[in-house]
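Peer 1: Sequence order for the protein chains is A and B. Going letter by letter, the first sequence gives residues 437 to 600 in the numbering used here. Going letter by letter, the second sequence gives residues 552 to 894 in the numbering used here. We put the beta carbon where it would ideally sit given N, CA and C, even for glycine.
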Amino acid sequence: MAVKKREKDLTLLQKMYIPEIVKGLSLTMHNMFKPKFTMKYPEEKFIPPASYRGRPVLVMEENGEERCVACGLCSRVCPALAIEVQAAETEREKERYPVKFEINMLRCIFCGFCEEVCPEEAIVMSKDYELAFSRREDAIYGKDKLLTPVVQLKDRIEFLRSYK
Amino acid sequence: MNIWAVLIFSIIKILIVVSVMLLTVSYLVYFERRVSAWAQNRLGPNRVGWEGVLQPFADVLKLLLKEDIVPDAAYKPIHTLAPIIALFVAFTTYAVIPFGPSVSIFGYTVPLVVADVNIGILYVLALTSLGVYAITLAGWSSGSKYSLFGGIRSSAQMISYEISMGFSVGGVLLLAGSLRPEAIVEAQHGWMWNAILQPIGFITFLVSSFAETNRLPFDLPEAEPELVGGYHTEYSSMKFAGFFLAEYANMIIASAMIVTLYLGGWRFPYLETFGLSAGWFAVISVITFCVKVAALLFFFIWVRWSLPRFRYDQLMNLGWKVMFPLSLINIVWVAALIMIFKL
Ligand code: SF4
Ligand code: SF4
């Protein structure tokens, strides 16, 4: 019976280590002069692609009104129980609007379910990833911080329309 | 030369050597981090001071401010003694390595070596083997099984590699006919470097020095994946820093030894034929020595970030079945050289 040669058996040359060591050394030396991947962060910022899930924001129409109809679906689906919506009636066409809309950014896990479930395309994930607070109260974002003009969210909305 | 002049010059030399060593050690750590980053397409520490040059001081400050934790199971006196031994060995070994030719200052001839001992090489071999005690004792006294394993491994490793190291030095001694480091440097005039005359000895010595200094690919005593941190698992704060500094100081010594024994020491090939004044001759020699040592230090770091760790049995195989016979062959080779060329 022929002895099958295992693929991991080393050849004599490889067993002498030295040629392999030279190969390894030349590889690392080569890499030392390649351009670096490191981004000098605070000076140079990472601009995420449209598929990036940053902090969820509310879409604000050009006339300064929110799209949200306060159906509460996002609040219901949110696995981290981060969203609180309080609805109220309005004279406008959509009849309902949120008087209070709060996302607790300490709870949010950036899953994007709220965005997915929203029937009005009123809550979308933004590209904002710089979320640092010095107090817990600061982490609860109200409507003032959540409302974002629709122009700033164009590529996310386009992304959602073509891939969702 | 009267006794006071000797004393004063010695003290000055000791101060210079120790401060240069300390500075080099701290910058070596920084350099290691930068080189490792470059090898992995990163930038490395570049925030503290211009391009991170103040990083070593920040590191030392951080280590000094840390809490010194001694485990309950540790045997305290030896636990404290071990890093002290490590540092002591690392800083005293350098005494016999010449870093330049003799210079005359105020009419006195001063050799540029802290102690011109005529058994210098033996002194180095003796002291570096003391280094094993530091690691073994650290491992044993910590009262933790991982530390103990690290300590045992390192003693086995260092003892095996010391043999091939000693035998490789044998070839150098045959050629120089002396144990004095100065004489060994003198013997390597022109391009008659020992690395060129006895390449096998050079390679075995180089590999053994890697094992002696516990650097990758032979850092078995530390072996993070299997032994947590090896012999210094239970050390923190400045005691840990002691081991850390000792490791880098040992690297400098190993490089200086390799330069002295195999790469012509402070000699710049054929410098004496350029007709320079004595002062310039000394300056260029010292610079030559520093450049050679720096190049070797870079080599040490470069190898660390290129090669994976050896398995323990492979390490022992390499030590006893490859390095040891090779170093013996080297002695025969050198003896043949002496017979044929009457060197
Ligand atoms: S992204 Fe997920 S966790 Fe965050 S608010 Fe939306 S549903 Fe909740
Ligand atoms: S954001 Fe969307 S899902 Fe949430 S309450 Fe408003 S309309 Fe409903």
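Excluding the 5 residues preceding and the 5 following L676 of chain B in the sequence, name in chain order all residues of the same chain whose CB lies nearer than 8 Å to its CB.
Peer 2: E713, M716, G717, V720
Peer 1: Assuming Y645 of chain B and I804 of chain B make a contact with CB atoms under 8 Å, what is their CB distance in whole Å?
Peer 2: 6 Å
Peer 1: Output the distance between the C-alpha atoms of G600 of chain B and I670 of chain B, rounded to the nearest integer angstrom.
Peer 2: 44 Å
Peer 1: Do K563 of chain A and P484 of chain A have their C-beta atoms closer together than 8 Å?
Peer 2: yes
Peer 1: Note down, in chain order, each residue of its chain lying with its Cβ closer than 7 Å to the Cβ of L615 of chain B, except the 5 sequence neighbours on either side.
Peer 2: M789
Peer 1: For Q522 of chain A, I'd like the list of residues in its chain whose CB is within less than 7 Å of its CB, leaving aside the five on either flank, ordered along the chain.
Peer 2: Contacts found: P534, V535, K536.
Peer 1: Terminal residues of the continuous alpha helix (DSSP H) containing L673 of chain B?
Peer 2: Looking at the DSSP string, the run of the alpha helix (DSSP H) that includes L673 of chain B is 671-692.
Peer 1: Taking a contact to mean a Cβ-Cβ separation below 8 Å, would you say P622 of chain B touches S695 of chain B in this structure?
Peer 2: yes
Peer 1: N592 of chain B CB to nearest chain A CB: under 8 Å?
Peer 2: With a threshold of 8 Å between beta carbons, N592 of chain B makes contact with chain A.
Peer 1: Mind checking whether S836 of chain B and R818 of chain B have CB atoms under 8 Å apart?
Peer 2: Against a cut-off of 8 Å, the Cβ pair of R818 of chain B and S836 of chain B comes out as a contact.
Peer 1: Ligand 1 and I576 of chain A: does any heavy atom of the ligand fall closer than 7 Å to the residue's C-beta?
Peer 2: no
Peer 1: Are the C-beta of G460 of chain A and some C-beta of chain B separated by less than 8 Å?
Peer 2: Cβ-Cβ to chain B under 8 Å: yes for G460 of chain A.
Peer 1: Which runs of the alpha helix (DSSP H) at least 4 residues long sit entirely within the region 542-590 of chain A? Give them in chain order.
Peer 2: 549-553, 579-582
Peer 1: Can you find a CB in chain A that lies within less than 8 Å of the CB of L730 of chain B?
Peer 2: So, not an interface residue.
Peer 1: Does ligand 1 have even one heavy atom less than 7 Å from the beta-carbon of C841 of chain B?
Peer 2: no
Peer 1: With DSSP run on the structure shown, which of helix, strand or coil describes Q739 of chain B?
Peer 2: coil
Peer 1: State yes or no: is the C-beta of V521 of chain A nearer than 7 Å to some heavy atom of ligand 2?
Peer 2: yes
Peer 1: Chain A partners of L858 of chain B, CB-CB under 7 Å?
Peer 2: Residues of chain A passing the Cβ test: I457, G460.
Peer 1: In angstroms with no decimal places, state the Cα-to-Cα distance between S511 of chain A and Y477 of chain A.
Peer 2: 34 Å
Peer 1: Whole alpha helix (DSSP H) runs in the region 469-527 of chain A with 4 or more residues, listed along the chain?
Peer 2: 509-513
Peer 1: Give me the chain B residues within the contact set of F473 of chain A, using Cβ-Cβ distance strictly less than 8 Å, ordered along the chain.
Peer 2: Correct list: N592, R593.
Peer 1: Provide the residue span of the beta strand (DSSP E) that contains S655 of chain B, from first to last.
Peer 2: 654-656
Peer 1: Determine which residues of the region 737-748 of chain B have a Cβ less than 9 Å from any Cβ of chain A, and write them out in chain order.
Peer 2: none
Peer 1: For the region 593-676 of chain B, which segments carrying the alpha helix (DSSP H) assignment without a break, of at least 4 residues, lie completely within its bounds, in sequence order?
Peer 2: 606-616, 627-643
Peer 1: Using the beta-carbon of each residue, which ones in chain A are nearer than 7 Å to W589 of chain B?
Peer 2: M468
Peer 1: Below 8 Å on C-beta distance, what does T464 of chain A contact in chain B?
Peer 2: A590, W853, W856, S857
Peer 1: Apart from the five residues just before and just after N801 of chain B, which ones in its own chain have a Cβ nearer than 6 Å to its Cβ?
Peer 2: A641, T764.
Peer 1: Using only the heavy atoms of ligand 2, determine whether one of them is closer than 7 Å to the beta carbon of I559 of chain A.
Peer 2: yes
Peer 1: Measure the Cβ-Cβ separation of V493 of chain A and R503 of chain A and say whether it is below 8 Å.
Peer 2: Taking 8 Å as the Cβ cut-off, V493 of chain A and R503 of chain A do not qualify as a contacting pair.
Peer 1: How would you label R704 of chain B, buried or exposed, when you count the other beta carbons within 10 angstroms and need 16 or more for buried?
Peer 2: buried
Peer 1: As a quick exercise: from B:S711, B:S680, B:R855, B:G651, pick the residue whose alpha carbon is nearest that of G815 of chain B.
Peer 2: B:G651
Peer 1: Give me the Cβ distance between L583 of chain A and I539 of chain A, rounded to the nearest whole Å; I'm assuming they're in contact under 8 Å.
Peer 2: Contact flag wrong, Cβ pair sits at about 12 Å.
Peer 1: From B:R855, B:F761, B:V647, B:H783, pick the residue whose C-alpha is nearest to that of V736 of chain B; which is it?
Peer 2: Comparing Cα-Cα distances from V736 of chain B to each of B:R855, B:F761, B:V647, B:H783, the minimum goes to B:V647.
Peer 1: Report yes if the C-beta of A588 of chain B is less than 7 Å from at least one heavy atom of ligand 2; otherwise report no.
Peer 2: no
Peer 1: Is there a Cβ of chain C sitting closer than 8 Å to that of G671 of chain B, yes or no?
Peer 2: As a matter of chain content, chain C is missing from the structure shown, whose protein chains are A and B.
Peer 1: Going by alpha carbons, who is nearest to V560 of chain A out of A:N467, A:C507, A:K590, A:R543?
Peer 2: A:K590
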